[in-house]
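Trainee:
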Amino acid sequence: MATPNIIEIRDLQFTWPRQSAPCLDIPHLDIAAGERIFIHGPSGSGKSTLLGLLGGILVPQRGTISVLGAALERLPAAARDRFRSDHIGFVFQLFNLVPYLPVIENVVLPCRFSARRRSQAIKAGVSVRAEAVRLLLHLDIGAELLERPVTELSVGQQQRVAAARALLGRPEVVVADEPTSALDADRQAAFLRLLLQECSAAGATLLFVSHDRRLAGEFTREIALPSINAARTHETVA
Ligand SMILES: Nc1ncnc2c1ncn2[C@@H]1O[C@H](COP(=O)(O)OP(=O)(O)OP(=O)(O)O)[C@@H](O)[C@H]1O
Ligand SMILES: [Mg+2]
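For the sequence shown, the residue numbers in the working numbering are 763 to 1000.
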């Protein structure tokens, strides 16, 4: 039996407010469950915008974007937020960690918003906290850092905290926007290995955005955003 698609995009158009031309115009994109997708493209080509649409943070003006069989553009805003908390782990380009909270509290945050993620975290690790600590240790964030405010961590450490938060409670889709850009080459490889390991242990589908095409070999498929985006075909590819 063919693997079912976990993500389906049809005739999607998205234009930012006050822009005359669409940023994204994607006629067709299917992603099968369990794929590990490497997305690249020049700065400003719409990679973060696409991830925002996949996470239901942005809504297209035209077309459909379906994740796990749910057409996100048809869900009311509150249901979209709930869907994201339940099913999608996001590592944002700028991390979006809560600065006044310690490391461990940042990581357990998704489980405060989603009963589904909470029960899955408990199933995987006895308690939410124990599973959060396991992920953090696996990502090389030691016990001595757990109670520190995230603002006292290095950028690379914050990146790994953001990854632990995205993975906690085993969301079906993990979306990572340039999560390795602040890491040196060794740390980058180690981070990627752990992220891939955790995603396959959880059976998660991974969408990973990076400028660094040297990482592409670790993935099952590489997508150059300009090659699927009918808007912006005039731009040169970096
Ligand atoms: N909040 C916003 N309001 C208006 N336009 C925006 C907004 N965010 C992004 N854009 C525009 O949308 C286009 C795509 O931006 P996006 O952030 O998706 O690019 P990107 O491929 O992620 O770039 P980078 O590699 O630099 O992160 C850009 O032209 C940008 O100016
Ligand atoms: Mg971006």
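A virtual CB, placed ideally from N, CA and C, is assigned to each residue, including glycine.
Taking C-alpha atoms, which residue in Thr913, Ala892, Leu820 and Phe852 lies nearest to Leu1003?
Mentor: The question about residue 1003 has no answer, for the chain in this structure spans 763 to 1000.
Trainee: By the 10 Å Cβ neighbour count, where 16 or more other Cβ atoms means buried, how is Glu835 classified, buried or exposed?
Mentor: By the neighbour-count rule (16 or more Cβ atoms within 10 Å), Glu835 is buried.
Trainee: State the Cα-Cα distance for the pair Leu987 and Leu969, rounded to the nearest angstrom.
Mentor: Going from the Cα of Leu987 to the Cα of Leu969 covers about 12 Å.
Trainee: From Ala928 to Pro872, what distance separates their C-alpha atoms?
Mentor: Roughly 8 Å between the two C-alpha positions.
Trainee: Excluding the 5 residues preceding and the 5 following Ala964 in the sequence, name in chain order all residues of the same chain whose CB lies nearer than 6 Å to its CB.
Mentor: Closer than 6 Å at the Cβ level, and outside the excluded window around Ala964, lie Arg932.
Trainee: Whether or not the segment 935 to 950 and the segment 810 to 818 are in contact is what I'm after, with contact meaning three or more pairs of Cβ atoms, one per stretch, closer than 8 Å; do they touch?
Mentor: Taking 8 Å as the limit for Cβ pairs, the verdict is that the segment 935 to 950 does touch the segment 810 to 818.
Trainee: Which residues in the same chain have their Cβ closer than 8 Å to the Cβ of Ala992, if we skip the five residues on either side of it in sequence?
Mentor: Cβ within range, chain order: Asp787, Ile788 and Pro789.
Trainee: Let me know the secondary structure DSSP gives Val917 once reduced to three states.
Mentor: Val917 falls in the helix class under three-state DSSP.
Trainee: Write down the C-beta distance between Arg983 and Ile799 rounded to the nearest angstrom, noting that I regard them as a contact closer than 8 Å.
Mentor: At roughly 5 Å, the Cβ-Cβ gap stays under 8 Å, so Arg983 and Ile799 are in contact.
Trainee: When we look at the beta-carbon of Asp939 and count the other beta-carbons within 10 Å, is it buried (16 or more) or exposed?
Mentor: Answer is buried; the Cβ neighbour count reaches 16.
Trainee: Using the C-alpha atoms, what's the distance from Gly887 back to Arg896?
Mentor: Rounded to whole angstroms, Arg896 to Gly887 spans 8 Å at the Cα level.
Trainee: Quick check on the DSSP output: the alpha helix (DSSP H) that includes Phe875 runs from which residue to which?
Mentor: Taken as a continuous stretch (DSSP letters only), the alpha helix (DSSP H) holding Phe875 covers Val865 to Phe875.
Trainee: Comparing the CB of Gln855 with every heavy atom of ligand 3, is any distance shorter than 7 Å?
Mentor: Of the ligands one can find in the structure shown, namely ligand 1 and ligand 2, none is ligand 3.
Trainee: Helix, strand or coil for His790? Go by DSSP, reduced to three states.
Mentor: Reduced to three states, the DSSP call for His790 is strand.
Trainee: Name, in chain order, the residues that DSSP records as bridge partners for Val821.
Mentor: None, per the DSSP bridge assignment.
Trainee: Please determine, among Pro838, Gln882, Arg910 and Phe852, the residue with the shortest C-alpha to C-alpha distance to Pro861.
Mentor: Among Pro838, Gln882, Arg910 and Phe852, the Cα nearest to that of Pro861 belongs to Arg910.
Trainee: Here's a check: name, in chain order, each residue in its chain whose Cβ is nearer than 6 Å to the Cβ of Arg878, leaving out the five neighbours to either side.
Mentor: Cβ neighbours of Arg878 beyond the five flanking positions: Asp848.
Trainee: Using a Cβ-Cβ cut-off of 8 Å (strictly less than) and excluding sequence neighbours within five positions of Ala1000, which residues of its own chain qualify?
Mentor: Because the pLDDT of Ala1000 is 48, which lies under 50, any placement of that residue in the model is unreliable, and the number read from its coordinates should be weighed accordingly. Contacts found: Gly803, Pro804, Ser805 and His973.
Trainee: Measuring alpha carbon to alpha carbon, tell me which residue in Thr967, Ala966 and Gln919 is nearest Leu950.
Mentor: First, the residue type needs correcting, since residue 950 is Gln and not Leu in the sequence shown. Comparing Cα positions, the closest option is Gln919.
Trainee: Do you know offhand how far Ile771's Cα is from Ile985's?
Mentor: Approximately 14 Å, taken between the alpha carbons.
Trainee: State the Cα-Cα distance for the pair Val917 and Ala905, rounded to the nearest angstrom.
Mentor: C-alpha separation (whole angstroms): 18 Å.
Trainee: Is it the case that the CB of Ser876 approaches a heavy atom of ligand 2 more closely than 7 Å?
Mentor: Every heavy atom of ligand 2 is 7 Å or more from the Cβ of Ser876, so no.
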